[in-house]
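Colleague: Please find one structure pasted underneath; my questions will follow.
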Amino acid sequence: MRTIALEEHCLTPELRELLGAQIHPYYAVHRWPPALEARLSDLGEGRIAEMDAQGIDVQVLSSVQPGLEHSSPERAVPVAQAFNDRVAEAVAAHPDRFAAFAALATSDPPAASAELSRAVREHGFKGALVNGRARERFLDDQFFWEIFEAAEALNAPIYLHPMPPPQAVYDAYYAGFGEDVGFMLGAPAWGWHIETGLHVLRLILAGVFDRFPRLQMIIGHMGEAIPFMLARIDDTFGGRTALDRAHVRTELSIAEYFDRNVHITTSGFFTDPPLLCALQTLGVERILFAVDHPFSDGAEARRFLDNAPVSDHDREQIAHGNAERLLGL
Numbered sequence: 000m001r002t003i004a005l006e007e008h009c010l011t012p013e014l015r016e017l018l019g020a021q022i023h024p025y026y027a028v029h030r031w032p033p034a035l036e037a038r039l040s041d042l043g044e045g046r047i048a049e050m051d052a053q054g055i056d057v058q059v060l061s062s063v064q065p066g067l068e069h070s071s072p073e074r075a076v077p078v079a080q081a082f083n084d085r086v087a088e089a090v091a092a093h094p095d096r097f098a099a100f101a102a103l104a105t106s107d108p109p110a111a112s113a114e115l116s117r118a119v120r121e122h123g124f125k126g127a128l129v130n131g132r133a134r135e136r137f138l139d140d141q142f143f144w145e146i147f148e149a150a151e152a153l154n155a156p157i158y159l160h161p162m163p164p165p166q167a168v169y170d171a172y173y174a175g176f177g178e179d180v181g182f183m184l185g186a187p188a189w190g191w192h193i194e195t196g197l198h199v200l201r202l203i204l205a206g207v208f209d210r211f212p213r214l215q216m217i218i219g220h221m222g223e224a225i226p227f228m229l230a231r232i233d234d235t236f237g238g239r240t241a242l243d244r245a246h247v248r249t250e251l252s253i254a255e256y257f258d259r260n261v262h263i264t265t266s267g268f269f270t271d272p273p274l275l276c277a278l279q280t281l282g283v284e285r286i287l288f289a290v291d292h293p294f295s296d297g298a299e300a301r302r303f304l305d306n307a308p309v310s311d312h313d314r315e316q317i318a319h320g321n322a323e324r325l326l327g328l
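So that you can map any letter, position 290 of the sequence shown is 289 in numbering that gives the first Met the number 0, and since no number is skipped, the others follow by simple counting.
Now the structure itself:
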């Protein structure tokens, strides 16, 4: 069974230099161990050997978090271009094992749109991965909408990846436990998943998918808590009276946008209950396989996929069929 993994991170020298100069404060106590950084930086035989050992056929390469979103356009734009060029070289060297999502300097929407077009048209990239807010602004702000316009025109999905919360949110919600525990609570254990789910809801409520109805968004981590909450969210914004409905000016219900515009991946979630919830809520056509390399275990992800309580047809769709359809792989 072919496996295509969609949230597989990498690091280039240019991005590493940028992060070293402007590393996000939440990462000051959470810097990568040298062995993990080496795995992030490997875009060749070492990565492929890991994939072979884990049973992963194709990785869709993408930037790592923290990415370009904290940096000024003057710094981020050339790093995005250099990152994409280096990743394109890896894809060209191993076209049967790698595909890629572009890195974008989202703080400069015209430059980000142009770079997405270049990456897709010149390098054959399959979309872009964006690490949440851009300099503390959510992407529902119309300042960013030309990026979505370009993505829709290129038929290039946007993978919305988590990032840590703003400092004020961290201080209010996650402080008081020491820096390590606070970081984990505010980021991979809870906070950044909830924020990414919120981010998608903001995009829907702002009318992004009404303006760009063919735009496709991908979110990881089995839907960033949305599948569990979707019925409640949909009921709340669906409106039980005309007055309720007057305050929500979207063309579709929240659930209908997830059915039309949003896909989710299994990144970092390798147990059955979240998968079964997502299957019942969204349907198998909206679920794609991912690992979250190198922060999650690819062998564990493959075992989960092989043993999930789904039909062989659904397993094939999650493993590769949906990615082939969405990304043209």
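All C-beta atoms in this analysis are idealised placements derived from N, C-alpha and C, irrespective of residue type, glycine included.
Where does V28 land, buried or exposed, given buried means 16+ other C-beta within 10 angstroms?
Modeller: Low per-residue confidence applies at V28: pLDDT is 47, beneath 50, and the placement is therefore not dependable, though the value from the model is reported in the following sentence. By the 10 Å Cβ count, V28 comes out exposed.
Colleague: How would you write the range of the alpha helix (DSSP H) that Y256 sits in, first residue to last?
Modeller: Where Y256 is concerned, the enclosing alpha helix (DSSP H) stretches over 253-260.
Colleague: Using beta-carbon positions only, say whether S112 and I157 come within less than 8 Å of one another.
Modeller: no
Colleague: Express the C-alpha separation of G222 and H160 in angstroms, rounding to a whole number.
Modeller: 11 Å
Colleague: Could you spell out where the alpha helix (DSSP H) holding L326 opens and where it closes?
Modeller: 321-326
Colleague: Please work out which residues of its chain come closer than 8 Å, Cβ to Cβ, to R248, disregarding the five sequence neighbours upstream and downstream, and give them in chain order.
Modeller: G206
Colleague: Would V261 be called buried (16 or more neighbouring beta carbons within 10 Å of its own) or exposed?
Modeller: buried
Colleague: Determine the extent of the beta strand (DSSP E) in which F97 is found, giving its start and end residues.
Modeller: 97-99
Colleague: When you compare each of F100, E13, L42, F97 to T77 by their alpha carbons, which one comes out closest?
Modeller: Residue 77 is actually Pro in this sequence, not Thr. P77 has its Cα closest to that of E13, out of F100, E13, L42, F97.
Colleague: Per DSSP, I218 forms a beta bridge with which residues?
Modeller: For I218, DSSP records a beta bridge to L159, I263.
Colleague: With a cut-off of 8 Å on the beta carbons, I'd call V290 and I55 a contact; round off their distance for me.
Modeller: 7 Å
Colleague: Is S61 helix, strand or coil by DSSP?
Modeller: It is a strand residue.
Colleague: Using 8 Å as the threshold, is the C-beta distance between P72 and A104 below it?
Modeller: yes
Colleague: Name the DSSP beta bridge partners of V129, please?
Modeller: Answer is L159, bridged to V129.
Colleague: Report the residue ranges of all alpha helix (DSSP H) runs contained in full by the stretch 67-148; include only those spanning at least 4 residues, in chain order.
Modeller: 72-92, 108-122
Colleague: Can you name the start and end residues of the beta strand (DSSP E) that E7 belongs to?
Modeller: 3-8
Colleague: Roughly how many angstroms lie between the CA atoms of H319 and I3, to the nearest whole one?
Modeller: 5 Å
Colleague: Cutting at 6 Å between CB atoms, please list the residues of its own chain near F202, excluding the five before and the five after it.
Modeller: Phe is not the amino acid found at residue 202; the sequence shown has Leu there. So the list reads D139, once near-sequence residues are dropped.
Colleague: Output yes or no for whether 8 Å exceeds the beta carbon distance between N154 and H122.
Modeller: no
Colleague: State yes or no: is the C-beta of N130 within less than 8 Å of the C-beta of E36?
Modeller: Not a contact, by the Cβ cut-off of 8 Å.
Colleague: Can you tell me whether H287 is helix, strand or coil according to DSSP?
Modeller: For the record, residue 287 in the displayed sequence is Leu; it is not His. In the structure shown, L287 sits in a strand (DSSP, three-state: E or B).
Colleague: Leaving out five residues before and five after R213 in sequence, what residues of the same chain have Cβ atoms less than 7 Å from its Cβ?
Modeller: E151
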